[in-house]
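Novice:
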Amino acid sequence: MEKKRVKYKTNFGMKNTSALTGTIMVFLLFSILSDDFLTVYNISNVLKNCAVLLIASMGTTMAILLGSNDISVGSVMSLGGIITAMLIKGGADPALAAAAGLAAGLGAGLINGILIVYFQANFWVATFAMYSIAQGIALILSDGNGIAGFPGGFRFLGTGKVFGVYFIILLAAALLALMYVLLNKTRFGGYIYAIGESERIAGITGIPTGKVKLLVFTLSGLCAGTAGILLAAKTNVAMPSGGAGYEFDAIAAVIIGGTSLDGGKGSVLGTAVGVFLITVIRNGLTVMGLSSVFHYLVIGLIIMAVIVVDVLQIQLRENRKESDARECK
12 MEKKRVKYKT NFGMKNTSAL TGTIMVFLLF SILSDDFLTV YNISNVLKNC
62 AVLLIASMGT TMAILLGSND ISVGSVMSLG GIITAMLIKG GADPALAAAA
112 GLAAGLGAGL INGILIVYFQ ANFWVATFAM YSIAQGIALI LSDGNGIAGF
162 PGGFRFLGTG KVFGVYFIIL LAAALLALMY VLLNKTRFGG YIYAIGESER
212 IAGITGIPTG KVKLLVFTLS GLCAGTAGIL LAAKTNVAMP SGGAGYEFDA
262 IAAVIIGGTS LDGGKGSVLG TAVGVFLITV IRNGLTVMGL SSVFHYLVIG
312 LIIMAVIVVD VLQIQLRENR KESDARECK
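Residue 12 is where the sequence shown starts when you use the numbering used here, and the numbers rise one by one after that.
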């Protein structure tokens with residue numbers, strides 16, 4: 012039977028526009044409420060924090076587009092950062108140490124993929140197991156302590172500038188562009204959307220669903236490892252729990268950005284908007300001196316609002332279809 016090529020087009024739709032509008036409003040609100048928010052120093056911090064979360068969120072975006080998820084991201088970030096830091100402090104070349112951290116992230120993602128594809132493990136169970144394993148290894152290797160003080164070459168990744176712009180921001184922007192092309196301009200990206208729409212139909216049309224899922228989770232682990240290394244370089248310390256909470260912020264950014272948890276619909280550009288919104292909220296509340304408890308509350312309320320709006324939009328579309336069908340009769 013001849014294989015059919017399935018192509019799915021995505022765009023920056025209504026949900027993304029709403030998220031962008033909300034982000035602009037929140038940004039302006041904090042600018043009015045606090046004199047310390049709209050400063051060069053603070054905006055630079057916002058963008059650097061965005062860079063780390065955005066890179067971590069790229070893998071989560073792919074996983075959710077598949078109709079799956081990856082909750083091991085935060086722990087894999089911690090593991091990648093700790094392995095890199097330990098090797099640097101042990102005298103290894105920073106480039107080789109970073110490569111080892113990337114390999115750890117890639118390996119964690121590959122194991123997730125193998126469990127899900129070849130052992131038919133539920134993605135929640137598989138990635139939760141990796142969440143615990145990666146966190147445990149990071150704690151054992153570091154003896155539960157942070158590792159601080161890195162050479163300038165490594166610190167450049169998180170604090171160095173190129174033509175006046177932080178390297179970490181340029182790197183995140185480059186990876187965002189690469190991910191956009193991967194998802195929207197390649198056959199592999201079309202396969203991801205097709206599987207998210209219907210894995211059964213995707214398989215019937217000849218799409219290698221297992222290989223695609225394996226690669227997606229491997230890339231998710233690689234993204235997490237990269238984010239963990241950059242986090243250590245930015246803060247000059249690698250903590251065994253440094254990535255804690257990033258997995259939830261990544262999922263929140265993807266949802267706020269308009270990607271459906273059912274899979275098959277969404278955009279990495281929407282994720283970028285969600286990342287910026289979450290980072291601005293966390294930064295703005297911190298600048299105003301409010302506890303991190305409020306961060307979780309506000310982000311949770313935003314996600315709830317997104318879900319409610321999504322349901323209302325679906326019901327409105329269904330009501331319109333029913334109305335049109337009655338008029339046709």
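A virtual CB, placed ideally from N, CA and C, is assigned to each residue, including glycine.
Please report the distance separating the alpha-carbon of L113 from that of F305.
Specialist: Cα to Cα, the separation comes out at about 33 angstroms.
Novice: Check whether the Cβ atoms of A67 and A261 sit closer than 8 angstroms, and answer yes or no.
Specialist: Going by C-beta atoms, A67 is nearer than 8 angstroms to A261.
Novice: Kindly indicate which three-state DSSP category C339 falls into: helix, strand or coil?
Specialist: Three-state DSSP puts C339 in a helix.
Novice: Is it true that the CB of V291 sits closer than 8 angstroms to the CB of F41?
Specialist: In this structure, V291 lies closer than 8 angstroms to F41 by Cβ.
Novice: Spatial neighbours of I94 within its chain, please: CB distance less than 6 angstroms, with the 5 preceding and 5 following residues excluded, ordered by chain position.
Specialist: Closer than 6 angstroms at the Cβ level, and outside the excluded window around I94, lie A111, G112 and A115.
Novice: Within its chain, find whatever has a CB closer than 7 angstroms to the CB of G221; leave out the 5 residues flanking it on each side and keep chain order.
Specialist: Closer than 7 angstroms at the Cβ level, and outside the excluded window around G221, lie V128.
Novice: Could you tell me which of I240, E258 and F259 sits nearest to M250, measuring between CA atoms?
Specialist: The shortest C-alpha separation from M250 is found at I240.
Novice: Check I158 in the structure and name its three-state DSSP category.
Specialist: In this structure, I158 counts as strand in the three-state DSSP scheme.
Novice: Run through the DSSP bridge pairs and tell me what K172 is partnered with.
Specialist: Bridge partners of K172: Y177.
Novice: Cβ-heavy atom distance between V227 and the ligand NAD below 7 angstroms?
Specialist: Questions concerning the ligand NAD fall outside what the structure shown contains, since it holds no ligand whatsoever.
Novice: Take the Cβ of Y338 as the centre, count every other Cβ of all protein chains shown within 10 Å, and call the residue buried at 16 or more, exposed below.
Specialist: Here residue 338 turns out to be Glu, not Tyr, going by the sequence shown. Per the 10 Å Cβ criterion, exposed.
Novice: Spatial neighbours of K18 within its chain, please: CB distance less than 8 angstroms, with the 5 preceding and 5 following residues excluded, ordered by chain position.
Specialist: Its pLDDT being 47, under 50, K18 is placed unreliably by the model, and the measurement read from it follows with that caveat. Only G201 meet the Cβ criterion.
Novice: Kindly give me the distance between the Cβ atoms of N156 and M141, rounded to whole angstroms, as I take these residues to be in contact under 8 angstroms.
Specialist: That belief does not hold up - the Cβ atoms of N156 and M141 are roughly 23 angstroms apart, past 8 angstroms.
Novice: Within the same chain, show all residues whose beta-carbon is closer than 7 angstroms to that of V279, passing over the 5 residues directly before and after it, in chain order.
Specialist: Excluding sequence neighbours, V279 sits near M69, T72, L187, M190, Y191 and L194.
Novice: In the DSSP assignment, what are the bridge partners of V248?
Specialist: Its beta-bridge partners are A159.
Novice: Contact defined as beta carbons within less than 8 angstroms: I believe D256 pairs with I75. What is the distance between those atoms, to the nearest angstrom?
Specialist: Residue 256 is actually Gly in this sequence, not Asp. At roughly 18 angstroms, the Cβ-Cβ gap does not stay under 8 angstroms, so G256 and I75 are not in contact.
Novice: Within a Cβ cutoff of 7 angstroms, which residues of the same chain sit near A108, ignoring the five residues on either side of it in sequence?
Specialist: If we look at A108 and ignore the five residues flanking it on each side, its Cβ neighbours are T95, L98 and I99.
Novice: How many angstroms separate the CA atom of G160 from the CA atom of V248?
Specialist: Taking the straight line from one Cα to the other gives about 6 angstroms.
Novice: Secondary structure at L186, three-state DSSP: helix, strand or coil?
Specialist: Of the three classes helix, strand and coil, the one that applies to L186 here is helix, per DSSP.
Novice: Return the chain-ordered ranges of every alpha helix (DSSP H) run that is complete within the region 26-97 and spans a minimum of 4 residues.
Specialist: Counting whole runs of 4 or more residues, the region 26-97 contains the alpha helix (DSSP H) stretches 51-76.
Novice: Where does P105 fall in DSSP's three states?
Specialist: Note: P105 maps to helix in three-state DSSP.
Novice: Can you tell me whether Y177 is buried or exposed? The criterion is at least 16 other CB atoms within 10 Å of its CB, across all chains shown.
Specialist: The residue is buried, with at least 16 neighbouring Cβ atoms inside 10 Å.
Novice: Give the straight-line distance between the Cα atoms of K196 and M299, rounded to the nearest whole angstrom.
Specialist: Those two C-alpha atoms are separated by around 42 angstroms.
Novice: Measuring only the C-alpha atoms, how far is K59 from S89?
Specialist: Those two C-alpha atoms are separated by around 18 angstroms.
Novice: Can you tell me whether T229 is buried or exposed? The criterion is at least 16 other CB atoms within 10 Å of its CB, across all chains shown.
Specialist: It is buried - the Cβ of T229 has at least 16 other Cβ atoms within 10 Å.
Novice: Using a Cβ-Cβ cut-off of 8 angstroms (strictly less than) and excluding sequence neighbours within five positions of V223, which residues of its own chain qualify?
Specialist: Answer for V223: L77, F199, Y202, I203 and I206, listed in chain order.
Novice: Between L121, A264 and A62, which has its C-alpha nearest G232's C-alpha?
Specialist: It is L121 whose Cα lies nearest to the Cα of G232.
Novice: Can you tell me where the alpha helix (DSSP H) holding I266 begins and where it ends?
Specialist: Segment Y257 to I267, the alpha helix (DSSP H) holding I266.
Novice: Under 8 angstroms between the Cβ atoms of S86 and G254?
Specialist: In this structure, G254 lies closer than 8 angstroms to S86 by Cβ.
Novice: Just checking my contact of I179 with G169 at CB under 8 angstroms: how many whole Å lie between their CB atoms?
Specialist: Going by Cβ atoms, the distance from I179 to G169 rounds to 5 angstroms, so yes, they are a contact pair.
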